[in-house]
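The structure appears below as structure tokens.
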Amino acid sequence: MGKMDAMVVAVGMDEEVVYAKSTSIQIWLFGYELTDTVMALCEDQIIFLASKKKIEFLKQLETGSENADGVPPMTLLTRDKSDGNKANFAKLVEALKASKKGKTMGVFAKDNFPGEFMDSWRAALEKGGFDKADISAEVAMIMAPKEDDELNVMKKACQITADVFTKHFKEQIMEIIDADKRVKHAKIADSLEQALEDKKILGGADPSSVEMCYPAIIQSGGNYNLKFSVVSDKNTLHFGAITCAFGVRYKSYCSNIVRTMLVNPSDEMQENYNFLMEVEEEVLSHLKHDAKLSDVYESAIKFIKGKKPELENKFIKNCGFAMGIEFREGSLVLNAKNTGKVRRGMVFNVNVGLQGMTKKGASKDEEKTYALFVGDTVQVNEDSPATLLTPVKKKFKSIAIFLKNEDEEDEEEEEEEEEKEDLLKGRGARSAVLQNKLRSKHGKGEEQEELLLGRGKKTTVLPNKLRV
């Protein structure tokens, strides 16, 4: 940032572009996206070139002199189609050349909006003979630590995300499994977006301010890609390891959650899932102010090497990234190479995953390979571990689904009848008392924390705690 003489932010119109640093800084500064607008931040002045309507909005910021906070005076230029904005462009270029040495312009290199207005502006800037310096990472570092009002918005986004998962996705998956339905991943993903129309889920939020950060990603049946750039395919949901990733964007601020639901998991799958929970806790314990991003990732690798070294090559290549107005901040990724520093108030999408896992004893192809993927939105603190902002249960007992076939249910019913007869005859009293004592010791109804579904039967045992 210190090497640049001025900074240029040019935002055009492109419906296919969801996230761009140029639009992010507009929203961060003004609370709105101002399309077809050029902003030049010079040493002694800030100039805006925009349509008449946008200029009216910006007039509340216009000043003739430096304000109390040291912000230089602002000049507003209205777009003029009569000369193709040549006079306006000339004024902008002149101001840029008068800023410091007038040679190096700070720009967002990846942002290249289409359209006649943007093309004309780029041509005018090119004629000015400026050197360009990409300042994306530097600006990201400035915007990453969130102020209290930003954190409150992100917490609301996280709550909506949590409600979509708990009140819609989880319920939907249980219903699909209970009824033995054939539903495609893509259809389930679409339903999550449709759930944002439910006022109960929105919790009073303005529907026009709520949208998905990206299309939800549902995967199962042996085909897993633990990245956020993939899309849900049209394969039918398989009742095994089901991964779900999605996030709600509220008032332009993002959130995210990743969960894995396991149907009839083996003991080894349970063990690996519980271990993955420990890995996430390890990451959160190191995600503190002033920590190196690479050190946070290495803490996970070190933990895995120390306890389950055979899983190291199954672990994903990064543990997440900072987010805010943009879903993924590419310069603040938790991986082995990033030497950037974590700052208090930053918000991260932390995710841990194991892919290419083998389920021993599986006979069907879609069951032989599975993945485990878990993630949360978290807030960085000064000295304590990062704080979870996505309040969704993820312990094994909350995500495990055990199916019982009719033969097993008949056997259990027979055993229950025999136990009742024994109790009536005075036999088996000791074992019954012991069973009750064990239940009391482990907590009331703990065994019911796991979901038991009776496929092919009308009766379904769904513990209340899982339905909340």
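Residue 1223 is where the sequence shown starts when you use our numbering, and the numbers rise one by one after that.
Idealized CB from N, CA, C, for every residue including glycine.
Distance from the Cα of R1404 is smallest, within the candidate group Q1394, G1444, T1458, I1269, for T1458. Residue burial annotation: D1385 is buried, with at least 16 other C-beta atoms found within 10 angstroms of its C-beta. In the structure shown, Y1495 falls within a helical segment according to DSSP collapsed to helix, strand and coil. A straight-line Cα-Cα distance of about 7 angstroms links Y1446 and Q1577. DSSP places V1518 in the uninterrupted alpha helix (DSSP H) bounded by 1515-1529. The alpha-carbon separation between I1364 and L1554 amounts to approximately 12 angstroms. With the rule of 3 Cβ pairs closer than 8 angstroms, the region 1461-1480 counts as touching the region 1539-1553. Counting of Cβ neighbours within 10 angstroms places S1358 among the buried residues, the total reaching 16 or more.
One thing to note: M1499 has its Cβ no nearer than 8 angstroms to the Cβ of K1619. If only uninterrupted beta strand (DSSP E) runs of at least 3 residues are considered, those enclosed by the region 1230-1304 are 1259-1263, 1268-1272, 1296-1300.
DSSP places C1466 outside any alpha helix (DSSP H); the residue lies instead in the beta strand (DSSP E), whose first and last residues are 1463-1468.
Judged by DSSP in its simplified three-state form, M1363 adopts helix. By the Cβ criterion, the region 1579-1595 is not in contact with the region 1418-1434, since fewer than three pairs of Cβ atoms, one from each stretch, lie closer than 8 angstroms. In the same chain as T1482, and ignoring 5 residues on each side of it, the C-beta atoms closer than 8 angstroms to its own belong to A1463, I1464, T1465, C1466, Y1495, A1593, L1594, F1595, V1596, I1621, in chain order.
In the DSSP annotation of this structure, the continuous segment of the beta strand (DSSP E) that includes M1483 starts and ends at 1479-1485. Bounds of the beta strand (DSSP E) holding M1579 are 1569-1580.
The beta carbon of G1306 sits closer than 7 angstroms to those of S1342, all from its chain and outside the five residues before and after it, given in chain order.
Residues V1231, F1270 of the same chain have their beta carbon placed closer than 6 angstroms to that of M1261, with the five preceding and five following residues left out of the count. With distances taken between CA atoms, D1333 lies nearest to E1238 out of E1238, K1421, V1315.
Here the alpha carbons of L1515 and N1560 stand approximately 6 angstroms from one another.
Of the candidates L1424, E1493, Q1394, V1518, V1518 places its Cα closest to the Cα of V1505. For the set F1335, P1607, T1591, the Cα lying nearest the Cα of V1564 is the one of P1607. In the structure shown, A1438 adopts coil according to DSSP, grouped into three states.
For E1369, the secondary structure class from DSSP, reduced to helix, strand or coil, is coil. In the DSSP assignment, the residues bridged to Y1475 are Y1472. The straight-line gap separating the alpha-carbon atoms of K1406 and D1455 is approximately 8 angstroms. Under a 10 Å Cβ-count criterion, N1535 is classified as exposed, with fewer than 16 other Cβ atoms of the shown protein chains found around its own Cβ. Sequence-distant Cβ neighbours of F1352 in its own chain, meaning closer than 6 angstroms and more than five residues away, are M1327.
Beyond the five residues adjoining it in sequence on each side, A1408 comes within less than 7 angstroms, by CB distance, of S1454, D1455, K1456 in the same chain, given in chain order. For F1595, the enclosing beta strand (DSSP E) covers residues 1591-1601. For N1445, the secondary structure class from DSSP, reduced to helix, strand or coil, is coil.
Here K1274 is exposed, its C-beta having fewer than 16 other C-beta atoms within 10 Å.
In chain order, G1444, T1580, K1581, A1584 place their CB closer than 8 angstroms to the CB of K1590, counting only its own chain and leaving out the 5 sequence neighbours on each side. Assigned with DSSP and collapsed to three states, E1503 falls in helix.
When only Cα atoms are considered, R1301 and A1272 end up about 5 angstroms apart. Taking C-beta separations shorter than 7 angstroms and ignoring five residues to either side along the sequence, the partners of G1567 in its chain run P1367, K1368, V1602, following chain order.
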